[in-house]
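Residue numbers (full-length UniProt numbering), protein chains in the order written: chain R, 1 to 315; chain D, 1 to 434.
No residue lacks a Cβ here, since even glycine has one placed at the ideal position from N, Cα and C.
Please read the structure below before turning to the comments.
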Amino acid sequence: MTAQTAPAFPHRHLLGIEGLSRPDIESLLERADAAVALSRQVEKKRTTLRGRTQINLFFEPSTRTQSSFELAGKRLGADVMNMSVASSSVKKGETLIDTAATLNAMRPDIIVVRHHAAGAVHLLARKVDCAVVNAGDGAHEHPTQALLDALTIRRNKGGIEGLTVAICGDVLHSRVARSNIILLQALGARVRVIGPSTLLPTGIERFGVEVFTNMREGLKGCDIVMMLRLQRERMNGSFVPSVKEYFRYYGLDGDKLALAKPDALVMHPGPMNRGVEIASDIADGAQSLIREQVEMGVAVRMAVLEALATHLPNG
Amino acid sequence: MSALLLSNAQLLDPATGREGPGAVLVRDGRIADVAFGAAPGAPENCERIDCGGLTLSPGLIDLRAFVGEPGAEHRETLASASAAAAAGGVTTLVCMPDTNPVIDGPAIVDFVLRRARDTASVNVLPAAAITKGLAGREMTEFGLLAEAGAVAFTDGLKAVTNAQVMRRALTYARDFGALLMQHVEEPDLVAEGVMNEGEMASRLGLIGIPREAETIMLERDIRLVRLTGGRYHAAMISTADSVEIVRRAKEAGLPVTCGVSVNNLVLNEGDIGHYRTFCKLSPPLRREDDRQAVIAALNEGVIDVIVSDHNPQDVETKRLPFAEAADGALGIETLLGASLRLLHTGDVTLTTLLKALSANPAKLLGREAGRLTAGAPADLVLIDPDLPYVLDKRQLKSRSKNSPFDEARLQGAAVLTLVEGRVVHRSDLSAIAA
């Protein structure tokens, strides 16, 4: 990999995209490109993290993010331990600080954290001595998802500068949307958000994005259509009246996708609700990058772990 | 009790606005004489305190303090709250009924008053609940509670949301001249909200509380006041729109007053920074333009009182992710120092501040305190308005340490506090010679 040539990553933790400079982001993407190549070989292992302990601490259930971090750590030679903490069975928060203190005493080198509350990962990072990676905190940030999305776009479009990217659906509750807005703008993309007003955060126009409540209008001329997952509990009258109505106006089908550029590409962070925010034929169609996003996820997480490793003691 | 002469002071009577050098003679727990200019004739064996030219004013009266006794003594007791109050120049605090058990019956009012008499160094006046158990359904015994010593009625952290209950409470309270202090927040609009709604909340990924949660409740209540004629006090307002609503109600001659939390006067939502839970408050810290609006309203007299909204919370309720942390901040000990920020920024005069911190709350409660007049209780504070310091939460007297002003640079403090002529706080300044 490119540990010798890539510029040093000047942060001890990765808590969000906010606070990263364009060179920070680009150096991570370059490391990730090398990790993609490595992962496509038969021999996928490196020794960058040999002897290091990585703990995946997930307060929210996750399949792809957790397994992706696990594989990334293992490919770099770390010992990886997965801890899933069911948030309902323990008193919230108390567990977070106590668990942080307990884990810290076991001297890990890297902790990867997902938590349902915004800011929880920042709180934990202040209580431990090792590097902390945010694997999603509430509706705040999910930096590795944004990085993997950027990597996927870059490899398919040759770059990000000047592209028009539409982020569609439940922006209100989405950490993926927040991280992507910041990252894509930092790399020079024009970002649109599309969704019903009940699913758009107050003041979203002040993020420097164009806001559309009509998906057909918003998709016109887009290079990338990024769909977001709509949680089941938000479908039945609380934020939108029904699945049927949501799919009609905000679900991505062939009809609506035809309004974007002919070479537009479709993305989704997963897991998908087929027939809710995206039609099956589009998810599996020629314009879909959804499978590739998963592959890029492992590479990006390898890049992040490797970049942070340079700050570890004796790193 | 022998007499005490406080001489060489800069007297400030917020009730009249009168200010000037002079002295105050205290006898038997009351102000015996106030002399602007020359010192009053003091008795022979009189105790004397040279005030060193500092400001002598009636002690602060805080209409909103959560104490924790009975039921949450690990957070605060009447003794620790009153020690914090004394150190902050607060000579009277009104404690909220959100205790366990709730202050909703005469026996609990009596308990609090007795505990305060035995353990507290400042005047503690209980506010009783408007509804039994703070449940928002049945009125408490306003008459019997007032007779037992409850000075006002409030459901504390909760608003009375049922309009019919509020209507009846205002109507019934009118017959007893009782004061209802409402927490103006519509809970359905607050819902899962944890901070002011807007760009900042959206960036932090936190759910916002719209200003309308406050203004809708306030508008509704004021219409009920017009219907019933009951005395109504909006405990704390935080938005520019609320200021206009209260202004219109006052112009219409309705018996409406309102308060503001010192936090909303000197902090804004930006102070939350990266999820500082000590700045998680109800009402939430708002935007800077709202803060400017409540400062202007204080100057115009639309806002009557400043409260500390003192709410001690411990590590288990505050060292949590922001959305999961409890609301509330310590405030009673920093009420004066924080308020004085507005003096030093040139936003508000000392007289206006002390009017809102002392004279006006006394008037609302119908107490004799809050003025420098012969015959009034000798509840006094000597203020050094310029004293600079960095607040250290470990030095605070409260049992809890959740101060949003920890490590803040403040200027101005109470150097001497008297309650009924007794010294209950004296800072270690050589300037204050006994």
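*Within the segment 145 to 201 of chain D, note down every full beta strand (DSSP E) run reaching 3 residues or more, in order along the chain.*
179 to 182, all fully within the segment 145 to 201 of chain D.
*asked:* Using a Cβ-Cβ distance cut-off of 8 angstroms, determine whether P201(R) contacts chain D.
replied: yes
*Under 8 angstroms, do Y246(R) and L230(R) count as touching if we go by C-beta distance?*
yes
*Determine the closest residue to Q313(D) out of E44(D), P70(D), F66(D), with distance taken between C-alpha atoms.*
Closest option to Q313(D), Cα to Cα, is F66(D).
*Using the DSSP secondary-structure output, state which residues sit across from R409(D) in a beta bridge.*
V390(D)
*Tell me, which residues are paired with C168(R) by DSSP?*
Partner(s): I194(R), M227(R).
*Residue-chain proximity (R178(R), chain D), Cβ-Cβ < 8 angstroms*: yes
*Does any CB atom of chain R fall closer than 8 angstroms to the CB of A323(D)?*
yes
*Could you check how far apart the C-beta atoms of G29(D) and A414(D) are, in whole angstroms? I think they sit under 8 angstroms.*
Here G29(D) is actually not in contact with A414(D); their C-beta atoms are around 19 angstroms apart, not less than 8 angstroms.
*Span separating the alpha-carbon of L382(D) from that of D98(R)*: 45 angstroms
*asked:* When you compare the CB positions of I306(D) and A356(D), do they come within less than 8 angstroms of one another, or not?
replied: yes
*Pick out whichever of M139(D), T171(D), G177(D), Q164(D) has its Cα sitting closest to the Cα of V151(D).*
G177(D)
*asked:* Counting only Cβ pairs nearer than 7 angstroms, list the residues of chain C close to A139(R).
replied: Given the protein chain composition of this structure (R and D), no chain C is represented.
*Taking the continuous alpha helix (DSSP H) assigned at G249(R), which residues delimit it?*
The displayed chain sequence assigns Tyr, not Gly, to residue 249(R). Note, Y249(R): alpha helix (DSSP H), 243 to 250.
_As an exercise, report each continuous beta strand (DSSP E) stretch of at least 3 residues that is fully enclosed by the segment 17 to 48 of chain D, in chain order._
18 to 27, 30 to 36
*Can you find a C-beta in chain R that's less than 8 angstroms from the C-beta of S400(D)?*
For S400(D), the answer is no, since every Cβ of chain R falls outside 8 angstroms of its Cβ.
*Kindly indicate which three-state DSSP category D281(R) falls into: helix, strand or coil?*
Helix at D281(R).
*asked:* For L289(R), tell me which candidate among F212(R), V80(R), N156(R), V193(R) has the shortest Cα-Cα distance.
replied: N156(R)
*Answer yes if the segment 319 to 326 of chain D comes into contact with the segment 115 to 127 of chain R, meaning at least three C-beta pairs across the two stretches below 8 angstroms, and no otherwise.*
yes
*E210(R) bridges to which residues according to DSSP?*
R192(R)
*If you measure from the beta carbon of A101(R) to each beta carbon in chain D, is any gap under 8 angstroms?*
Not one chain D Cβ lies under 8 angstroms of A101(R).
*Where do the N-terminal and C-terminal ends of the beta strand (DSSP E) with N56(R) fall, by residue?*
53 to 58
*By Cβ distance, which residues of its chain are closer than 8 angstroms to N8(D), with the 5 residues on each side in sequence left out?*
Cβ-Cβ distances below 8 angstroms link N8(D) to P21, A23, D50, C51, G52, G53 in the same chain, with the five nearest sequence neighbours on each side left out; the list follows chain order.
*Among H233(D), N311(D), V184(D), G156(D), nearest to N263(D) - alpha-carbon criterion*: N311(D)
*Could you run through the segment 198 to 224 of chain R and flag, in chain order, every residue whose CB is less than 7 angstroms away from some CB of chain D?*
P201, T202, G203, I204, R206
*From what residue to what residue does the beta strand (DSSP E) around Q145(R) run?*
Where Q145(R) is concerned, there is no enclosing beta strand (DSSP E), although the alpha helix (DSSP H) it sits in stretches over 143 to 157.
*Rounded to whole angstroms, what's the CA-CA distance from R248(D) to S21(R)? Just pull it up for me.*
Going by the C-alpha atoms only, they are around 50 angstroms apart.
*asked:* Counting C-beta neighbours from all protein chains within 10 Å, is the total for V109(D) 16 or more, i.e. buried, or is it exposed?
replied: buried
*Would you tell me roughly how many angstroms separate the C-alpha atoms of L305(R) and A135(D), rounded to the nearest one?*
52 angstroms
*Taking H274(D) as the query, report the chain R residues whose CB atoms sit under 8 angstroms from its CB, ordered along the chain.*
G119, H122
*Mapping DSSP to helix, strand and coil, what is N100(D)?*
coil
_Beta carbon proximity, R287(D) to chain R, threshold 8 angstroms_ = no
_Can you confirm whether L202(D), when its beta carbon is compared against all beta carbons of chain R, has any partner nearer than 8 angstroms?_
At residue 202(D) the sequence reads Ser, which differs from the Leu that was named. With a threshold of 8 angstroms between beta carbons, S202(D) makes contact with chain R.
_For a test of the three-state rule: what should DSSP assign to I110(R), helix, strand or coil?_
strand
_Given 8 angstroms, three or more beta-carbon pairs between the segment 119 to 139 of chain R and the segment 268 to 280 of chain D_ = yes
*Starting from M296(R) and walking both ways along the alpha helix (DSSP H), at which residues does that stretch end?*
Following the DSSP letters along the chain, one finds M296(R) inside the alpha helix (DSSP H) bounded by residues 290 to 309.
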